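**Student:** Listed in order, the protein sequences are those of chains S and C.
Per our numbering, numbering of the first sequence is gapless, rising by one per residue and ending at 400.
Per our numbering, numbering of the second sequence is gapless, rising by one per residue and ending at 261.
The structure's right below; bear with me while I get my questions together.
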Amino acid sequence: MKYPLTEDERMIQKTARDFARRELAPVAIEANEKGIFPEGIFRKLGELGFMGVMVPEEYGGVNLGTFCLVLALEEINAVCASTGVTMSVHNSLTNWCILKYGSEKIRTRFLPSLASGEMLGAYAITESEAGSDVSAMRLSAVRKGNEYILNGAKIFISTGDKAGAIIVFARTDLGDRTKGISAFVVEPGSPGFSIGKIEKKMGLRASTTVEIVFEDCRVSADNLLGTEGMGMTIALAGLDGGRIGIAAQGVGIAQAALDEGVRFSRERKQFNTRIIDFQSTRWKIADMATAVEAARLLTYRAAKLRDAGEPCSKEAAMAKLFASCTANKVVYDALQMHGGVGYTEEFLIERLFRDARVTELYEGTSEIQRLVISKAVIDEFERTVPD
Amino acid sequence: MKILALLKRVPDTEAKILINQEGTGIKDEGIKYIINTYDEYAVEEGLRLKEKTGAASTVTVVCVGPEEATELIRTALAMGADDAVHVCDKALERPDPFVTAAVMAKAIKVEGFDIIFCGKQAIDDDMGQVQSILAEMLDIPQVNVATAFELAADAKRATVRRRVEGGDEKVETSLPVIVSCEKGLNDPRYASLPGIMKAKKKEIRKKTLADLGFSQTPGEARSTILRWLPPPKSSGCTMVKAEETRDAVKELVRLLREEAKVV
């Protein structure tokens, strides 16, 4: 897509693209087929600076913004969405929250290892009874001296069993639904911490999704992010960035699917005609390409607003909603262009099809994005249009 | 140790090359440009040698090319090269290998050097001449198509391996020397994000022909490309059919002799 990038941005995009195609692509095939988490890739991504994109240099990062992260995530996700989600959660949720809300002690303790890719990050909000309804969470954190004692469980935690730093949201006050939530950095070695069920998923098979169980799990009070009761604010602020990351994932998957569709339909002949020469295919390609570029522009806009320090909840939600829906529409059409073979594991489109589905589910379902967007639209209306 | 790496801007290997109407060059539209693949090995080998020989060593990139080559030079700096010389002059549109070498030789003499790495050829015009002309002009030895490079302990000599028909050749050379690099010599590193940020502060010394002391042109081109022609279009495939295989073979031989005129 034609888009004015600076020299640095073009170089970052090229490094990500070359790395994705040369190093990640060969690993991704086996990792997704066999459900292996590609540990080594994250050290390599770390060496290149991709695991500490927004982390300042004094903590071992490269001090770039969400926009550069988005450029990189697009390229990684086009080749392996499992690697993409791990990298997105790590950068835009874990790193960002520690940087923004962690004490100096916490930052110096975690950020250098996270930025180098030696340590991975995770983000734990969801519980079995608290999915879209985040404030229904029940994991409790009770202060006892200089520690908090956590009891309960989190589910569907990406990278939960591989991470060295997990941002865990827990209830410190049973009274107030939203103000009673606090955020902690939890280390997997903590007493009372264990990994429960490991999910078997439709897609993203080279990433892990697990249950984390807390049984009198002791967490130092130093590991509290912000202050007690700030949890919901932190969760939502983090998710603005996280959603931009998932939007970039949608764009990456959609672009890959479009490319696969075009590649296949140029080669495949039926009725003595390349199927790309049928008008039905042409129309599809035009609509797919237009949607991919629109999704990319929404994603870039949200990233740039976030980098400018402006409120961008609505824009992040719009980017995430449109990009994830686009990804699903484009993988559907690209698979259709493949015909029957697209349903087999022989072709990349089969994996893209399965991987795209989750982008409409995690970090807020499409329905939740619509709630965020419509609320923002109505608020704006009520603020600006006189009765 | 002063290490130089020569760099050329060439069309991407994945680019679809189309000749322009006049036959004077390729259509530039939509073409992405990259660092000549073999020059990437040269930059990488320079960086490895620098890492081995210590902090006093530097890697300088030398490029003769248009304004747009700056981004590729910056990429080499992001890989880890220290600085660069970019000879950029309107009079240097499509220089032949002799002119390129003459310009480089001037720039290189100003820079000084202990060792020069370059690609064994550019993947666009495949001339593969610049390094040899340059060696002659600088009056230094050249070793071409290197697949391994090792500096002697005294840093005055080097051993270079080169692939030849049926095996490897081991060459010992004195320094200074120019070594042209072949695939397999190393695995070029990526421009890392910290590298990209550091590269912004590194110096690219821009030079015109006048800056290098050329009054007009750097000498007459020794070769001129008269016209660029696309490869002939393949005329498709003729299936030879006959009831008996023997008849089909006869017909095939006839076609090869009379139509294709290859036997």
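All C-beta atoms in this analysis are idealised placements derived from N, C-alpha and C, irrespective of residue type, glycine included.
If you're wondering where the values come from, they're calculated on a predicted model, not measured in any experiment.
1) Is the number of C-beta pairs between the region 52 to 66 of chain S and the region 123 to 130 of chain S that are closer than 8 Å three or more?
2) Throw me the rounded Cβ distance for the S/A369 and S/A340 pair, which I believe falls under 8 Å.
3) Taking CB distances under 8 Å as the criterion, tell me whether C/T35 reaches chain S.
4) Could you name the residues of the same chain whose beta carbon sits closer than 6 Å to that of C/A300, not counting the 5 residues immediately before and after it, in chain order?
5) In the structure shown, what three-state DSSP assignment does S/R184 receive?
6) Using the beta-carbon count (16 or more within 10 Å), is C/C61 buried or exposed?
7) Name the chain S residues whose beta carbon is nearer than 7 Å to that of C/M195?
8) Which residues share a DSSP beta bridge with C/V60?
9) Along chain C, in chain order, which residues have C-beta atoms closer than 8 Å to that of S/M100?
10) Would you mind listing the alpha helix (DSSP H) stretches within the region 79 to 107 of chain S that are 4+ residues and don't spill past its ends, in chain order?
11) What are the boundary residues of the beta strand (DSSP E) that includes C/T243?
12) Would you call the region 70 to 85 of chain C in contact with the region 198 to 215 of chain C, where contact means no fewer than 3 C-beta pairs closer than 8 Å?
13) For C/N34, count neighbouring Cβ atoms within 10 angstroms of its own Cβ and tell me buried if that reaches 16, exposed if not.
14) Looking only at its chain, what residues have a beta carbon closer than 8 Å to the beta carbon of S/A41, apart from the 5 residues adjacent to it on each side?
15) Could you tell me whether the Cβ of S/R23 comes closer than 8 Å to any Cβ of chain C?
16) Does S/D31 get closer than 8 Å to chain C when you measure Cβ to Cβ?
17) Please report the residue range of the alpha helix (DSSP H) in which C/A156 lies.
18) Measure the alpha-carbon distance for S/R279 versus S/G353 and round it to whole angstroms.
19) What's the gap between the Cα of S/V385 and the Cα of S/G205?
20) At the 8 Å Cβ level, is C/R72 part of the contact set with chain S, yes or no?
21) For the beta strand (DSSP E) holding C/D166, just list the boundary residues, first then last.
22) Can you check whether the C-beta of C/Y31 is within less than 8 Å of a C-beta belonging to chain S?
23) Suppose contacts are defined by Cβ-Cβ distances below 8 Å. Is C/I114 in contact with C/L4 by that definition?
24) With DSSP as the reference, please indicate the residues paired to S/C110 in a beta bridge.
25) If we ignore side chains and look at the alpha-carbon of each, how far apart do C/E38 and C/L132 end up?
26) Run the CB neighbour count on S/A166, radius 10 Å, all protein chains shown included, and call it buried at 16 or more, exposed below.
**Tutor:** This is what the structure holds:
1) yes
2) To locate residue 369 of chain S, count along the first sequence from 1; it is residue 356. To locate residue 340 of chain S, count along the first sequence from 1; it is residue 327. With a Cβ gap of about 4 Å, S/A369 and S/A340 count as contacting.
3) Counting from one through the second sequence, the residue named residue 35 of chain C turns up at place 37. Taking Cβ atoms only, chain S never reaches closer than 8 Å to C/T35, which makes this a no.
4) Residue 300 of chain C is absent from the model: chain C starts at -1 and stops at 261.
5) Position 171 of the first sequence, counted from the first residue, corresponds to residue 184 of chain S. Three-state DSSP puts S/R184 in a strand.
6) In the second sequence, residue 61 of chain C corresponds to position 63, counting from 1. Answer is buried; the Cβ neighbour count reaches 16.
7) In the second sequence, residue 195 of chain C corresponds to position 197, counting from 1. Residues of chain S passing the Cβ test: V75.
8) As a first step, residue 60 of chain C is located in the second sequence; it is residue number 62 there, counting from the start. Answer is C/L4 and C/V83.
9) Reading the first sequence from its first residue, position 87 is the one you call residue 100 of chain S. Under the 8 Å cutoff, chain C gives no residues; its nearest Cβ is about 13 Å from S/M100.
10) 79 to 92 and 94 to 101
11) By 1-based counting over the second sequence, the position of residue 243 of chain C is 245. No beta strand (DSSP E) holds C/T243; the alpha helix (DSSP H) holding it covers T243 to R252.
12) yes
13) Counted from its first residue, the second sequence places residue 34 of chain C at position 36. With 16 or more other Cβ atoms within 10 Å, it is buried.
14) Taking the first sequence and counting its residues from 1, the one referred to as residue 41 of chain S is at position 28. Taken in chain order, the residues that qualify are P51, V92, C93, S95, T96 and A219.
15) Taking the first residue of the first sequence as position 1, residue 23 of chain S is located at position 10. So yes, S/R23 belongs to the interface.
16) Here residue 31 of chain S refers to the residue found at position 18 of the first sequence. Closer than 8 Å to some Cβ of chain C, the Cβ of S/D31 qualifies, so yes.
17) Counting from 1 along the second sequence, the entry for residue 156 of chain C is found at position 158. Per DSSP, C/A156 belongs to no alpha helix (DSSP H); it is in the beta strand (DSSP E), R155 to V162.
18) By 1-based counting over the first sequence, the position of residue 279 of chain S is 266. By 1-based counting over the first sequence, the position of residue 353 of chain S is 340. About 16 Å.
19) Position 372 of the first sequence, counted from the start, is the residue given in the question as residue 385 of chain S. Position 192 of the first sequence, counted from the start, is the residue given in the question as residue 205 of chain S. If you take the alpha carbons of S/V385 and S/G205, they lie about 36 Å apart.
20) Stepping through the second sequence from its first residue, residue 72 of chain C is reached at position 74. Residue contact check for C/R72 against chain S: a CB pair falls below 8 Å.
21) Position 168 of the second sequence, counted from the start, is the residue given in the question as residue 166 of chain C. Taken as a continuous stretch (DSSP letters only), the beta strand (DSSP E) holding C/D166 covers G165 to S172.
22) The sequence position of residue 31 of chain C within the second sequence is 33, counting from 1. No, C/Y31 lies away from the interface with chain S (no Cβ there is under 8 Å from its Cβ).
23) Residue mapping note: residue 114 of chain C aligns to position 116 of the second sequence, counting from 1. Residue mapping note: residue 4 of chain C aligns to position 6 of the second sequence, counting from 1. Taking 8 Å as the Cβ cut-off, C/I114 and C/L4 qualify as a contacting pair.
24) Taking the first sequence and counting its residues from 1, the one referred to as residue 110 of chain S is at position 97. None, per the DSSP bridge assignment.
25) Looking up residue 38 of chain C in the second sequence gives position 40. Looking up residue 132 of chain C in the second sequence gives position 134. Cα to Cα, C/E38 sits roughly 19 Å from C/L132.
26) Start at 1 with the first residue of the first sequence, and residue 166 of chain S comes out as number 153. The residue is buried, with at least 16 neighbouring Cβ atoms inside 10 Å.
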